[in-house]
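Residue numbers (the working numbering), protein chains in the order written: chain A, 44 to 232; chain B, 44 to 232; chain C, 44 to 232; chain D, 44 to 232.
There are 4 protein chains.
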Amino acid sequence: MPAAARRNEQSRRAILDATLALLAETDYAKVTIEAIAARAGVGKQTIYRWWRRKGEVVLEALAEQAMPMALPDSGDLEADLRQVVRATVAEFGDPRLSATTRALTVEMLTDDDLAEQVRDRLLRPQLHAVRDRLAAAREQGQIRTGADLDLAVELMFGPVFHRWQLRNGPLDAEYADALADHVLAALRP
Amino acid sequence: MPAAARRNEQSRRAILDATLALLAETDYAKVTIEAIAARAGVGKQTIYRWWRRKGEVVLEALAEQAMPMALPDSGDLEADLRQVVRATVAEFGDPRLSATTRALTVEMLTDDDLAEQVRDRLLRPQLHAVRDRLAAAREQGQIRTGADLDLAVELMFGPVFHRWQLRNGPLDAEYADALADHVLAALRP
Amino acid sequence: MPAAARRNEQSRRAILDATLALLAETDYAKVTIEAIAARAGVGKQTIYRWWRRKGEVVLEALAEQAMPMALPDSGDLEADLRQVVRATVAEFGDPRLSATTRALTVEMLTDDDLAEQVRDRLLRPQLHAVRDRLAAAREQGQIRTGADLDLAVELMFGPVFHRWQLRNGPLDAEYADALADHVLAALRP
Amino acid sequence: MPAAARRNEQSRRAILDATLALLAETDYAKVTIEAIAARAGVGKQTIYRWWRRKGEVVLEALAEQAMPMALPDSGDLEADLRQVVRATVAEFGDPRLSATTRALTVEMLTDDDLAEQVRDRLLRPQLHAVRDRLAAAREQGQIRTGADLDLAVELMFGPVFHRWQLRNGPLDAEYADALADHVLAALRP
DNA sequence: GCATAATCGAGACGGTACGTCTTGTCTTAAC
DNA sequence: GTTAAGACAAGACGTACCGTCTCGATTATGC
């Protein structure tokens, strides 16, 4: 891709920054290609040249600032899981972060290609990290042998996601701890 | 509600039918108010008069055809849960039904009012039915006293929802059974 | 055309007025559909709904304000022709009027349909009026029988048009009179 | 002009040839700088380096292939004029040649500088040649002393130009002869 | 004959305008 | 008085060109 070599990094940054700024400030409906281009001081074509759709711009913008969740291994499985679940619940509960997640979720529902990218680039690494922590716990006999670890990860995150999207209850520390407890109960020998 | 008294039932039906037809046939992006009106042979104003946004039309259309899931109580908790989870997994796994769910999910993410309505009119009844079944089980000592039944319901549906939306694995009977098993493990005395 | 019955006359006027204003104020390159719409406080679609191209808007705007040249018949053929030619030369010589003529000419060269319309709606009536004056003169023996009156009209206007477009000499009263004289010389018995 | 010394003649030829080819093949609206560059296999900058605007490229392309009209002097003024007018009418009547003339005319209406260049480089030589022929005729008493020869030239070409641009009648030999006759009538002693 | 400086093809860039689409409101005529 | 039809203002869509700019890679002198 020799063309990409000519890509103007300044423009790229300006576009991603403008996208993040708009996501943070306004309704997602106002995060249009035109608004991004205007905010970034960039021609629309420069966006269309490098991304096929708005969702991909949003993804790339979010992917760059995503901090890989720190996954503790203190030896105390219960404490570690509580910490992970609390962090997740806090993220979904924060209206600010929640807005960008919402944006990305809308795009994923609309575009299968994008859904794959989001899954593989943003989510899988996080889910795999948790699964690895559970695998270590299983080695040490803290989890029953028959437990399906991928499913266990879904047991941890699925309910949070569900509650967030359906606004079906509070997203607070108490909820996080109760959830962690029930997941542990499902996994214990 | 005097206006409603004058409401033309034929138009209402035509609009909802057109909405369902478009949802089934085309991309959700093509399900526009204009397309619905044209398909239903109805003026756009007739839609705007009775619904505030497209999402509400979609919701009403889907609500009418939603069959309340039959919740068995055979006395065998494991069997009953497996059946419920299998039905849920099958519904999300069916591309046809999945399309309308996707449509509604997009609208919920965009419109808080609508999210409430969907939650209260479509989902809560189903979730409550499951919770009631679990409550009965708890009465009979099949579930430990400390279990949080609302959370238990989320443990059942959250992972399915998560996997569906993230396209993060197969949605089949085997998965349904494994999920039901883990949920039961979390609840048993 | 029942649809046309619904046409909003206010919008139509605003569009034509905005077009005339822009033609008078700016380079023709800046007379864009977007500029007209913005100036008229009108959606672009409202322009595209009623006109196929910019040239047609310009034509309609000009056609409405075109005053049918007063064609005198004083009995004195030479005086009458001088007056007509002087008026024509003055019009082409005036930078202001010249700008709109230039605009229309560009459009005619680009669009055959429009050229026909301009010819039939704006120009032919004027040319015919002159021909009729010449016909009256021929009746009275002031013009030789063999003269081709359509050609005579072209002899009067063609040189002015030619000189204007090629900027090939001054467009003043002296020139007008000389031209009128030569045309008369070509027609006299 | 040391820079010009480095000019790549191959590129220049490719650009002018591409321009002529596009003029001949497509609508003038499609004769863009980008299209010329692509067709010529040349960078856009190479065009902008040597010409200020598209019109100048078109002019240069046309100037190179313009054959200077042969102006006969058989001694028979009427025959000579008829021949010139016939040739002119034929050129404007030919759709092929007409297309390039149209292109150039559009540019002239848009760009005063270009208009001067076209007038001086392409048209004046032709008009002067005709005027010189008329001057010779006047020497021999075939034209009245008071005739304005520049105006006479305009009397010959103006009507053709007018009729062509307004599509106001046929451009054929019969017309040419009638025009020549009337012009002669205007000039005769 | 070698350095060096302008030219070259290519095409990214910030812009402007295009012509189309949909939104939600407003107007009209028919029933 | 509600309807179907659709005009309307607004504004985003994705595309096409504009004229400028930056890249390496040829040239073609002129030292």
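Glycine included, C-beta positions come from ideal geometry on N, C-alpha and C.
Note that the structure is a prediction, hence the values are computed from the model and not measured.
Under 7 Å by beta carbon: chain A residues contacting residue i
{"i": "residue 197 of chain B", "result": "202, 205, 206"}
{"i": "residue 162 of chain B", "result": "209, 210, 211"}
{"i": "residue 222 of chain B", "result": "194"}
Residue i to residue j span [Cα, whole Å]
{"i": "residue 109 of chain B", "j": "residue 165 of chain B", "result": "8 Å"}
{"i": "residue 86 of chain C", "j": "residue 51 of chain A", "result": "36 Å"}
{"i": "residue 95 of chain C", "j": "residue 157 of chain C", "result": "10 Å"}
{"i": "residue 220 of chain C", "j": "residue 213 of chain C", "result": "13 Å"}
{"i": "residue 170 of chain C", "j": "residue 90 of chain D", "result": "44 Å"}
{"i": "residue 82 of chain C", "j": "residue 104 of chain C", "result": "15 Å"}
{"i": "residue 75 of chain C", "j": "residue 152 of chain C", "result": "18 Å"}
{"i": "residue 160 of chain D", "j": "residue 209 of chain D", "result": "24 Å"}
{"i": "residue 45 of chain A", "j": "residue 107 of chain D", "result": "With a pLDDT of 42 at residue 45 of chain A, under the threshold of 50, the modelled position of that residue is not reliable, and the figure given next carries that caveat. Cα to Cα, the separation comes out at about 39 Å."}
{"i": "residue 216 of chain A", "j": "residue 148 of chain A", "result": "24 Å"}
{"i": "residue 131 of chain B", "j": "residue 117 of chain A", "result": "37 Å"}
{"i": "residue 72 of chain B", "j": "residue 73 of chain A", "result": "17 Å"}
{"i": "residue 55 of chain D", "j": "residue 140 of chain D", "result": "22 Å"}
{"i": "residue 69 of chain C", "j": "residue 155 of chain D", "result": "16 Å"}
{"i": "residue 168 of chain A", "j": "residue 183 of chain A", "result": "23 Å"}
{"i": "residue 211 of chain C", "j": "residue 49 of chain D", "result": "36 Å"}
{"i": "residue 185 of chain D", "j": "residue 134 of chain D", "result": "28 Å"}
{"i": "residue 126 of chain B", "j": "residue 180 of chain B", "result": "15 Å"}
{"i": "residue 150 of chain A", "j": "residue 163 of chain B", "result": "25 Å"}
{"i": "residue 207 of chain B", "j": "residue 207 of chain A", "result": "15 Å"}
{"i": "residue 88 of chain B", "j": "residue 92 of chain A", "result": "39 Å"}
{"i": "residue 53 of chain B", "j": "residue 138 of chain B", "result": "30 Å"}
Beta-carbon neighbours of residue i, restricted to chain D and to distances below 8 Å
{"i": "residue 193 of chain C", "result": "212"}
{"i": "residue 145 of chain C", "result": "152"}
9 Å Cβ cut-off: residues of chain B touching residue i
{"i": "residue 148 of chain A", "result": "148, 149, 152, 208"}
Residues of its chain near residue i, where Cβ-Cβ distance is below 6 Å and the 5 sequence neighbours each way are ignored
{"i": "residue 174 of chain C", "result": "192, 196"}
{"i": "residue 232 of chain C", "result": "187"}
{"i": "residue 61 of chain B", "result": "79, 82, 83"}
{"i": "residue 97 of chain D", "result": "76"}
{"i": "residue 100 of chain B", "result": "62, 94"}
{"i": "residue 136 of chain D", "result": "214"}
Partner residues on chain C for residue i, Cβ-Cβ distance less than 9 Å
{"i": "residue 158 of chain D", "result": "208, 209, 210"}
Beta carbon of residue i nearer than 8 Å to that of residue j
{"i": "residue 229 of chain D", "j": "residue 229 of chain C", "result": "yes"}
{"i": "residue 202 of chain A", "j": "residue 201 of chain B", "result": "yes"}
{"i": "residue 194 of chain D", "j": "residue 205 of chain C", "result": "no"}
{"i": "residue 65 of chain A", "j": "residue 142 of chain A", "result": "no"}
{"i": "residue 114 of chain C", "j": "residue 176 of chain C", "result": "yes"}
{"i": "residue 198 of chain D", "j": "residue 198 of chain C", "result": "yes"}
Other residues of its chain near residue i: CB distance less than 8 Å, five sequence neighbours each side excluded
{"i": "residue 227 of chain B", "result": "120, 121, 124"}
{"i": "residue 47 of chain B", "result": "The predicted position of residue 47 of chain B is uncertain, since its pLDDT is 47 and thus under 50; a value taken from the coordinates is nonetheless stated next. Closer than 8 Å at the Cβ level, and outside the excluded window around residue 47 of chain B, lies no residue."}
{"i": "residue 145 of chain A", "result": "71"}
{"i": "residue 57 of chain B", "result": "83, 84, 85"}
Interface partners of residue i on chain D, CB under 9 Å
{"i": "residue 166 of chain C", "result": "209, 211"}
Residue i: contacting residues in chain A (beta-carbon distance under 8 Å)
{"i": "residue 229 of chain B", "result": "198, 225, 226, 228, 229"}
{"i": "residue 72 of chain B", "result": "153"}
Same chain, Cβ closer than 7 Å to residue i, neighbours up to 5 away in sequence not counted
{"i": "residue 102 of chain B", "result": "147, 157, 160, 161"}
{"i": "residue 178 of chain D", "result": "192"}
{"i": "residue 128 of chain B", "result": "199, 219, 222, 223"}
List in chain order: all unbroken beta strand (DSSP E) runs of 3+ residues lying wholly within the stretch 102 to 157 of chain D.
none
To test your reading of the DSSP string, which unbroken alpha helix (DSSP H) runs of 4 or more residues are found completely within the stretch 63 to 100 of chain D?
76 to 83, 87 to 93
Length-filtered (3 minimum) beta strand (DSSP E) runs lying within the stretch 173 to 206 of chain B
none
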